[in-house]
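For the record, in the sequence shown the residue sitting at position 19 is 418 according to my numbering, with numbers rising by one throughout.
Cβ atoms here follow ideal geometry from the backbone N, Cα and C, with glycine treated the same way.
For clarity, every value in this text was computed on a predicted model and none was experimentally measured.
To start, the structure under review is shown below, and the notes come after it.
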Amino acid sequence: MLALTNQERAKAGCGPLRTNSALIRAAQAHASDMVAKHYFAHDSLDGRSPFDRMKAAGFAGGAMAENIAVGYSSPSAVVTGWMNSPGHRANILNCTYSMIGIGYDSGQVKPDWGNGSWVQDFGG
Numbered sequence: 400m401l402a403l404t405n406q407e408r409a410k411a412g413c414g415p416l417r418t419n420s421a422l423i424r425a426a427q428a429h430a431s432d433m434v435a436k437h438y439f440a441h442d443s444l445d446g447r448s449p450f451d452r453m454k455a456a457g458f459a460g461g462a463m464a465e466n467i468a469v470g471y472s473s474p475s476a477v478v479t480g481w482m483n484s485p486g487h488r489a490n491i492l493n494c495t496y497s498m499i500g501i502g503y504d505s506g507q508v509k510p511d512w513g514n515g516s517w518v519q520d521f522g523g
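Structure (structure tokens):
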């Protein structure tokens, strides 16, 4: 997923994202939490925003954003889906972001939605 995301950024003239351990922790925890508690939202059921979770995981940067998706079968499919969505595309192509955390859980958020919970947490 990182390579695919960076390919899209390169086409737009943005530098590559590098992984950040705090953002990885936040993204993975949210992907797994959505599967475990069967919800799909940026805000956790306990009321924490993506920004709250990223900071709690130890991210100290200023600019932050999040992409989430469920039911996609592969990294290629989910990145294509995000690139076809204006808000998600804007996050991927925002050159302010230089770091990323990627989270994935193979479980189901909802039975009819297919498997896979995907999260990208961006920081700059």
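- Shown here, residue 477 sits in a helix according to DSSP, grouped into three states.
- Contact check for residue 496 against residue 468 fails: the beta carbons are separated by 8 Å or more.
- The criterion of a C-beta distance shorter than 8 Å is not satisfied by residue 519 and residue 483.
- By the beta-carbon neighbour count (other beta carbons within 10 angstroms, threshold 16), residue 481 is buried.
- In the DSSP assignment, residue 431 falls within the alpha helix (DSSP H) that extends over 420-436.
- Here residue 407 is near residue 478, since their CB atoms are less than 8 Å apart.
- Excluding the 5 residues flanking it on each side, residue 410 has no same chain C-beta neighbour closer than 6 Å.
- Residue 400 and residue 439 have their alpha carbons spaced roughly 20 Å apart.
- Secondary-structure assignment with DSSP links residue 503 through a beta bridge to 517.
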